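Q: Once you've had a glance at the structure underneath, I'll fire off some questions.
In the numbering used here, the protein residues as written are 1 to 381.
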């Protein structure tokens, strides 16, 4: 009793055990995402449940049979006989492997196809370099000029290379060339048209409006037909212009009209105070336009510009109407080979996969670039 009484009188002498509560472990992000998706997204409401079941039905009816045809039962190697041995088999990707050179380079002479491949790599490299904002300097423009000159020499010949007529240029190389050259030629014309449409000179503004609206109101295939049939009639007797060059001119005019309208919207979005601040700093009209106005206008309409560029790349398949075999039409012609007769499904599926991949990554790059160049979005992150 004496010890107990002493302990009561001196509580500090009692043994003390501190209990530490373990912090609650939050659920993993994956579990949270699955819970949110299942409870709030997939089956959160009756409407969401119906939509989810409809998608599952679509996958069961369409997607799985396609995957079964494209992957599970596909023939990956062999010749045409290997794809005809079994009834009900899947896709014959051996056809694509056998015809890949024709699909990429078209009718370009076989011994010289290395030049076409080099030209394709040069253009692809320049496009990738252009996608890096840190390289947006004058040297990049110089690289484009030198690179396109190298591409023309590689494809057409010269400096010791055997000449190759433009009639046999084709495949992915031709598609990328028509796209790249058309955009390069259209860009300065689009800026000029956009500025002319906002000009205070009535005559200049009227001409730009007529040019833009008439071109935008005409289907692209009609523009190609005009470049093929009408343009030669305007030339002097005996004069001739290469049909690929005529196609490039048609593409550049068509693209310039759409880009000009998009840039005009971007110019209208720039506050008037930006002009006044630039003039107050003593900048000339050219410096104001180049350093302040155009960068802001382009940054505002990046999604629209990328959308136009993706559409132009897909529209390059229309050069078939003037006798040029681009990537899509080369794939279609490859399926007419007697050894691979009837492989149009594989040809179009492969072309669709390539177009989808390029357009998908192009759209994702557009979203990244819009966040990267927007100061407001960078501050909010």
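For each residue, glycine too, the CB sits at the ideal point set by N, CA and C. On a predicted model such as this, the values are computed, not experimentally measured, just so you know.
Check each candidate in 78, 293, 349, 302 and name the one with the smallest Cα separation from residue 371.
A: Of the candidates 78, 293, 349, 302, the one whose C-alpha sits nearest the C-alpha of residue 371 is 302.
Q: Work out the CA separation of residue 267 and residue 373 for me, nearest whole Å.
A: Going by the C-alpha atoms only, they are around 17 Å apart.
Q: Do residue 138 and residue 244 have their CB atoms nearer than 8 Å?
A: It is not a contact, given that the beta carbons lie outside the stated cut-off.
Q: Are the beta-carbon atoms belonging to residue 256 and residue 210 less than 8 Å from one another?
A: No, the Cβ-Cβ distance between residue 256 and residue 210 is not below 8 Å.
Q: Where does residue 145 land, buried or exposed, given buried means 16+ other C-beta within 10 angstroms?
A: Exposed, by the Cβ-count rule.
Q: Could you give the DSSP three-state label for residue 14: helix, strand or coil?
A: Legend: pLDDT at residue 14 = 49, less than 50; position of this residue unreliable, value from coordinates given subsequently. Residue state, collapsed to three classes: coil.
Q: Is the separation between the beta-carbon of residue 264 and that of residue 198 shorter than 8 Å?
A: Yes.
Q: Any chance you could list the alpha helix (DSSP H) runs of at least 4 consecutive residues sitting entirely within the region 314-358, in chain order?
A: 327-334, all fully within the region 314-358.
Q: Restricting to runs no shorter than 4 residues, where is the alpha helix (DSSP H) found entirely within the region 227-279?
A: Counting whole runs of 4 or more residues, the region 227-279 contains the alpha helix (DSSP H) stretches 243-269.
Q: For the region 91-102 against the region 56-75, are there 3 or more C-beta pairs whose distance is under 8 Å?
A: They touch, by the three-pair rule.
Q: Does DSSP classify residue 366 as helix, strand or coil?
A: In the structure shown, residue 366 sits in a helix (DSSP, three-state: H, G or I).
Q: Does residue 161 come out as helix, strand or coil in the three-state DSSP assignment?
A: Strand, per DSSP.
Q: Expressed to the nearest angstrom, what Euclidean distance is found between the alpha-carbon atoms of residue 253 and residue 81?
A: Between residue 253 and residue 81, the C-alpha separation is close to 47 Å.
Q: What residue range is occupied by the uninterrupted alpha helix (DSSP H) comprising residue 136?
A: Counting along the chain, residue 136 falls outside any alpha helix (DSSP H), and DSSP gives it neither H nor E.
Q: From residue 324 to residue 284, what distance separates their C-alpha atoms?
A: Residue 324 and residue 284: Cα-Cα distance of roughly 46 Å.
Q: Measuring CB to CB, does residue 350 end up less than 8 Å from residue 331?
A: Yes. Within cutoff.
Q: DSSP three-state label for residue 301, please.
A: Reduced to three states, the DSSP call for residue 301 is coil.
Q: According to the neighbour-count rule (16 or more other Cβ atoms, all chains shown, within 10 Å of its Cβ), is residue 110 buried or exposed?
A: Exposed: under 16 other Cβ atoms inside 10 Å.
Q: Where do the N-terminal and C-terminal ends of the alpha helix (DSSP H) with residue 51 fall, by residue?
A: Its alpha helix (DSSP H) spans residues 46-58.
Q: Can you say whether residue 260 is buried or exposed, counting buried as having 16 or more other CB atoms within 10 angstroms of its CB?
A: Under this definition residue 260 is a buried residue.
Q: Look up residue 1 in the DSSP assignment and say whether it is helix, strand or coil.
A: The predicted position of residue 1 is uncertain, since its pLDDT is 48 and thus under 50; no value can be drawn from it.
Q: DSSP has residue 92 in a bridge; who is on the other side?
A: DSSP output for residue 92 lists 75 as bridge partner(s).
Q: With respect to the alpha helix (DSSP H) encompassing residue 173, which residues constitute its N-terminal and C-terminal limits?
A: Residue 173 -> alpha helix (DSSP H) spans 171-197.
Q: Provide the residue span of the alpha helix (DSSP H) that contains residue 209, from first to last.
A: Start and end: 202-216.
Q: On the three-pair Cβ rule with 8 Å, is the region 274-291 touching the region 218-226?
A: Taking 8 Å as the limit for Cβ pairs, the verdict is that the region 218-226 does not touch the region 274-291.
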